Structures are given as structure tokens and as C-alpha cells.
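The next block holds one structure in the form of C-alpha cells; read it before the comments.
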Amino acid sequence: MGVIVGAVVGLLVVVVVWWVVRTYNRLVRLRNQTQASWAQIDVQLKRRHELIPNLVESARGYAAHERGTFEAVTAARGAAVSGELGVTDRAAAEDALTATLGKLFALGESYPDLKADQHFSTVQVELRSAEDKIAYARQFYNSAVQSYHTALESFPGNVVSGLGGAHGRREYFEAAGVVQDPVQVRFA
Amino acid sequence: MTLIEQLYWGGGALIVLWLVCFGLALAATRNGVVTPGPATQEFGDDPEPPGVVSLLGNHWRGVEHAAAATLLDLAARGLVELRQPGDDPARSSVHLTEAGRTASGLMPYEQRVLDRVIARAADGGAPIGAIAFRDDERAATWNGALRKEIVADARLRGLSRYRFAPLLVSALMTSSFVPGALFAVAVVMGGHNLRAALFLGVAPGGVLTFLLGKTLGERATPKGLERAGHWAGLRAWLTAHEDFAQLPPAAVTVWDRYLAYGTALGVTTLTGRLLGFDSGDRRRVWSSYGGTWRPVRIRYPRLRPGFGNSTRRLLQLAAAAGIVAAGLCAFAVLRQPDWVVVTDGGSLHRAGLVLSAGWVGSALLGLVVAGKLSRWTLLVAFLSMMPGNFVSGSDGWFVDAAAQDGPLLVEWVAIVVFGALAAYFLVLAFLERREPDMITGEVLRMESRKGKKAARFLALDEGNTDLTTAWALPAASQGIATGAHVRLRVSRGTRTIRSAELVKAATWEGDRVEAPKQDAS
């Protein structure tokens, strides 16, 4: 009788240990996936940052008196690449950079010579491609963060995460203002 | 050794030699190993279409989910639109965009998928479930053609090639019949008949050619292996995102081509399952007959007595059932105690147990293997219980039948069942004399039944119900096809189609095959 009870208890212990290990490993896997996804965003952002000076220089040759636009782009780029920004702050800085880049692209419409410039066009295409990739990388990152948070907050992840291993929440890659501002609804 | 023996031995040696050569050819042309690249979200420069990626992702063996992936790719490129109105992804619909209507320059397999959507969503949109073909043969033909087109594109891109060179295939095929020729000569020289010579002459070649045929196909080129490695990297990336597997088709709006490639690589399981270009669910078919798309459930009355039978056949069945009932009745009444043939524990008792166990087994086997019980299985099972009742003794399931006065309970049941069947068949035969009803609708599905002479199932949507029971279409009927609009004269009792008139011919939507000529039968 004692042997049977011992075997059952032993089996239960094995099952519980296996279950804890499995859950812990899943959390680690999901956490690593958020980091890998973030790395993809980082690569694409750096690529974009490298392209911007080329674009500015190309445009400056045709529209030298649009200094305000160039300075805004340069400042926004500087803000995006400077220091150790958190994920949310970085998203805000990148969104600001995207907005100023839109103005820079618009110069192409006002200055036909600029629009015809091969180098400007090429860099513009590359920038747009980079922005597309950033958008997808952002989706993947946010999806990974969501999966990770779901695992952290649901049972048994919420129990196992307490065992250690730096299982903290991650920030979504989106500007704080985008989600926090109230939605404006207007009734005509 | 005589000449005849030499011929036999020579033939045998040639077979062994052929197999060795074949084995060497297999070893020399086996697919290289795909080395997965690092997990990445990049498609790379000039990425292959998802259809081709499906071939690479399946190690050149097939193109599973290629059609679904291509449809998603078309959606990502704005040629079609996938919408999900509620929470259920299965209720999504596919719509043709203006760009899709005027699309040109597509690859043949992309055009094939688009043609299918155009055919089904011509009036604006269609449920994704309506893309399925409702016909096994047509689904197989369509998918076979799709595969050929994808393979052709993969070859053009330098990613795939024939496994065996045509010259090698010809050589192997020709040489496979040489041993048979030697055997045939030996048989003739040995004085045997020509039939044996013909058999021995052809059989070895047939078997070897069959072996060869099973291994024909595609294999990777070095470039193909390299690209497959890259796509394996994308698969690893997508697989690591757990939620990606459960994305619905409409998520293509957000994920664009990632969803298409994910489906091609077998990552997005939900989407791959919902966008089926196969023959679809045989019990739930989408129909637009009547102007609105709706799912129609189909019942196949496999166990219904008298289904599809003629009046003559019904009378025969009634007579047979009546005779069985009367025979059982007479037997139970006339039975005498000295009819007992074996005492307790005798061999017949054991035989009864075995047969009874047999009927339980056959019933369970029928359920497990076929998923259904045929009426003949039930009849045989029921009758096989009978011997147990003639065994003297009352242990286990059996009672002392011979000592009973009058029929046993089980015999009563049998008498009532067979008597009721006889009456039922007689009523059906009487109802067959009435004028058949006239119904009109669209043929949703046609299915064959066991036996060459058996009537086929024909599921008709009359446009006024979401549940229909299949009719019996006489096996001799020709010209009726899935998708055709027909007017039928039917007998409701036996659910038999007496005659069919074609109202509108079926079109083979999306597979660019002309509809066969339809004849009223």
C-alpha cells in the first residue's frame, strides 16, 4: 500500500515539475521572441536613419530655401537616434520623424527638378520600403508582446513567472499619444 | 542447365540488375538537404510567389495550401478582398475588386485561382466555403492542373527540375520489360499456354514500371535548396509568433503577404483549413440558388429501407421480409423440446457465443471503419444471434429456448421487425403508383454508392430550405452534373428520381473546362 501511495506521489511530483519547466520555458521563449522582434525593428529603423541624410542632401540642392523642413527632419532624426529611449518614447520619436519626412517627400511635388533627380527618387523608394518593413516589424513586435503578456497574466504563467527569470512586462511599440488621446467623435 | 532454365535465370538476374540500377538512380537523384536560414521576416529580393514557396516548403513533394496561399496573395495585392463580418472566421467572404476584374499578366496558377473566385463571386461576393468544388473529381483535376502550373513556374525560376532525366526514364521503362520478354519466351518454349506467357511477359514490367512511376516527380536544384533555406527561415520566424497560426483569412488586410507565405509554409493553420479548394464538406454545402448564399445541410439516407428502389424491387423485398417473419413465427410456435441438439456447455453453445460476439464486433468495426452501419451488417448481425437461442441452458445471454412455450423475446422482436418491414415495403410500392412530384433546383452534390448498379445520391437545393435529403438518381442516368439546374420528377416515398430535365447546364467554374453536353434522361 505504501509503495503505491509513494509511486502516485512521485508521479504527481514528476508531472508538476514537468509542467512548471514547460511553462517556464514557454515564457522564456516568448520573452526571447519579443527581443528578436525588437531587434528587427531596430535594424529597420537604423536603415531608415542612415538613408535620411542622403535624402536631405539631395533635396537641399534643389530647394535650398526650404530650410525649415530640412531642419525639422534633421531635428526629428536627431531625437530618434539620440540616447537610450524607451520603447514608447522611441515610437513617438519615430512617428514625429515620419511626419516630417512626409513634408520632405512633398517637396518633390513642388520642385519638378527635385522630383526628376534620380538619387532623390532612389532614396525615396528605399525609405518607403524601409518604412513598410518597419510597419511589419512593428506588427510582429506588438504581436509577440501581446502573446507574452497573455502568457504572463494567465494561469499557470502568472504563477511560474514569480519563480524568477526577469519576466516583466514589455512596452508596445506605439506612441503613447496614439492610444491615450480620447477618440474624437463628431456628430454632424 | 537447359535453355528454358537459362531464360528464367537470365530474366531473374535482369530484374535484380534493374533494381540495382534503379536504386542507384534514386540515391543519385535524392533531394538535397535544406539548411534552414536564420529566422527572418524578410522575403528577400524578388521573392517567389506563395504558390512556388509552397512547393519548396513541401520539399518538392506537393503544393499543399498553394491555392489558399495564392488567394491570400491576390488579396494582399488588392485583386480580391476577404471580409469577416462577425467573430466566426468560417463566415468570411471573398469579393472581387475592380482591379481583380481587369487583372492581367498573372501567372497561370494565379489566374486559375482568380478565375475560380470570379466564377463563384461573380455577383459581388461569396462565402469562402463556396470556393470548394463540391465534386471530388473536379477538385482533383483542378488541383492537379494547379500543381503542374506551379511546378512549371518553379522550373522556369531554376528552383526545380525533373527527378530523372527523360532519357533515363525511357531507358528504365524499356528495360523493365526485357525480363518479362525472356520469361514469356521460356513459357512458350516450355509448352505452356499463351495466356501464361502473356501474364509472365507483362507482369514484371508492370510492377517495375509502377515502382518507377511512384518515384517520378520533382527535385531541387542548388538554387532551389538555397531559396528553400531562406523560406525555412521565414517559417521559423512566423512559427515563433504563436498567434500567427490562428489568424483568420481576413487578417490579410493587416498582414498582407505574410499571411500568404505563412499559409504556403503551413504556419497559418486556420487560414489554410478555411480556404479549401478541395471537394468541400459533403454534408454542408454553400448554395446561392434562390439569390442568396446560404449553407445547406445534406442528409444521405444510407440506412433508409427501400431508398431508390423500383416498385418491382419493393414488392420483392416485401415478400422476402414477409417470408422471414412468417418463417420465424412458424418456427417459434412449432418448436418442440426434443429439438435441442446440444446440452449445456456444448459446442453449439460456444458457437452461439462466438457468433454473438461476432455481431457486436462487426457492428463496432462497421462504426469505426466505415463510420456507419449498413442495413446488411445489421441484418447479418441480428441473424447471427439466432443460434444462441437453440442452445439448452440458461447461463450468460442465452435461455432455454426449446423449453419455452411460444416465441422468445428476441424472436418476437425479429417477427415484428420483419413484419413491419414487409408492410412498409408494401406501402412504399403502393405509393409508387401515384403521379410523381415535380421539383426544381440546383444540384449541390452527387455521390456514388456502393455497387455499380446502385443509384447515386443527388442532393438538390430547391431554394426553400437549409436542410435537404439526397435523392436516388438511377445509375443509368447520364448528363446531370453538380451545379446544373434541373427539373426532376420524383417519388417521395423511395426518394427516387423518375426523370430529369436540364434547365441550365453546369459550368465548370474557374477551371476553364467546357461543361459536358447535358441530356435529359
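Residue numbers (the working numbering), protein chains in the order written: chain H, -13 to 174; chain A, 5 to 525.
C-beta atoms are modelled at their ideal positions from N, C-alpha and C, and glycine is treated no differently.
All values derive from a computational prediction rather than experimental measurement.
Within 9 Å of the CB of Tyr122 (chain H), the CB atoms of chain A belong to Gln45, Trp259, Asp260, Tyr262, in sequence order along the chain. If you draw a 10 Å sphere on the C-beta of Gln19 (chain H), you find 16 or more other C-beta atoms in it, and that means buried. Beta-bridge pairing by DSSP links Thr472 (chain A) to A:Ile302. Per DSSP, the continuous alpha helix (DSSP H) segment holding Trp22 (chain A) begins and ends at 7 to 32. The beta carbon of Ala474 (chain A) does not come within 8 Å of any beta carbon belonging to chain H, so the residue lies off that interface. Contact between Ala190 (chain A) and Tyr12 (chain A) holds: CB atoms are separated by about 5 Å, below the 8 Å threshold.
Sequence-distant partners of Ala224 (chain A) (beyond 5 residues in either direction) whose C-beta falls short of 6 Å from its own C-beta, in its chain, are Asn35, Gly36, Trp64.
Under the Cβ criterion of 8 Å, Glu246 (chain A) is counted among the residues facing chain H. Taking C-alpha positions only, Val117 (chain A) is separated from His234 (chain A) by approximately 26 Å.
Residues of chain A with a Cβ closer than 7 Å to the Cβ of Phe126 (chain H) are, in chain order, Gln45, His245. Under the DSSP definition of a beta bridge, Gly129 (chain A) partners with A:His99.
Against chain A, the CB of Ser129 (chain H) has a partner CB under 8 Å away; the residue lies at that interface. With respect to Leu100 (chain H), Ala45 (chain H) sits close: the two C-beta atoms are nearer than 8 Å. At least one CB atom of chain A sits nearer than 8 Å to the CB of Gln19 (chain H). Following the DSSP letters along the chain, one finds Ser96 (chain H) inside the alpha helix (DSSP H) bounded by residues 73 to 96. Using a C-beta cut-off of 8 Å, the region 282 to 300 of chain A makes no contact with the region 255 to 262 of chain A, since fewer than three inter-stretch Cβ pairs fall below that distance. Shortest Cα-Cα distance from Ser291 (chain A) to any of A:Ala463, A:Leu7, A:Arg81, A:Pro53 involves A:Ala463. Across the structure, Tyr265 (chain A) and Leu21 (chain A) are spaced so that their CA atoms are roughly 45 Å apart. Counting of Cβ neighbours within 10 angstroms places Met450 (chain A) among the buried residues, the total reaching 16 or more. Secondary structure note for Asp139 (chain A): it is in no beta strand (DSSP E), with a DSSP letter that is neither H nor E. In this structure, DSSP gives Ser23 (chain H) a helical state, which the three-state scheme calls helix. By the Cβ neighbour-count rule, Trp24 (chain H) is buried, with 16 or more other Cβ atoms within 10 Å of its own. About 6 Å separates the CB atoms of Tyr428 (chain A) and Pro309 (chain A); that is less than 8 Å, so the two are in contact. Against chain A, a Cβ distance below 9 Å from Ser133 (chain H) picks out His245, Glu246, Asp247. Separation of Thr39 (chain A) and Arg239 (chain A) (C-alpha to C-alpha, rounded to the nearest whole angstrom) is 13 Å. In the DSSP assignment, Asp441 (chain A) falls within the unbroken beta strand (DSSP E) covering 441 to 451. Residue state for Trp290 (chain A) is assigned as strand, using DSSP reduced to three classes. In chain order, Asn128, Val131 place their CB closer than 6 Å to the CB of Tyr158 (chain H), counting only its own chain and leaving out the 5 sequence neighbours on each side. By the neighbour-count criterion, in which 16 or more other beta carbons inside 10 Å mark a residue as buried, Gln21 (chain H) falls on the exposed side. In this structure, the alpha-carbon of Thr213 (chain A) lies about 7 Å from that of Ser180 (chain A).
In this structure, Thr500 (chain A) sits away from Gly194 (chain A), with a CB-CB distance that is not shorter than 8 Å. Beta-bridge pairing by DSSP links Tyr166 (chain A) to A:Glu222. Under the three-state reduction of DSSP output, Glu246 (chain A) falls in the helix class.
In the structure shown, Arg161 (chain A) adopts coil according to DSSP, grouped into three states.
Taking a contact as a CB-CB distance under 8 Å, the pair Leu13 (chain H) and Ser140 (chain H) does not count as one, their CB atoms being some 11 Å apart. Non-local beta-carbon contacts of Val256 (chain A) in its own chain, meaning distances under 6 Å to residues more than five positions away in sequence, involve Leu76, Ala79, Ala80, Leu86, Leu263 in chain order.
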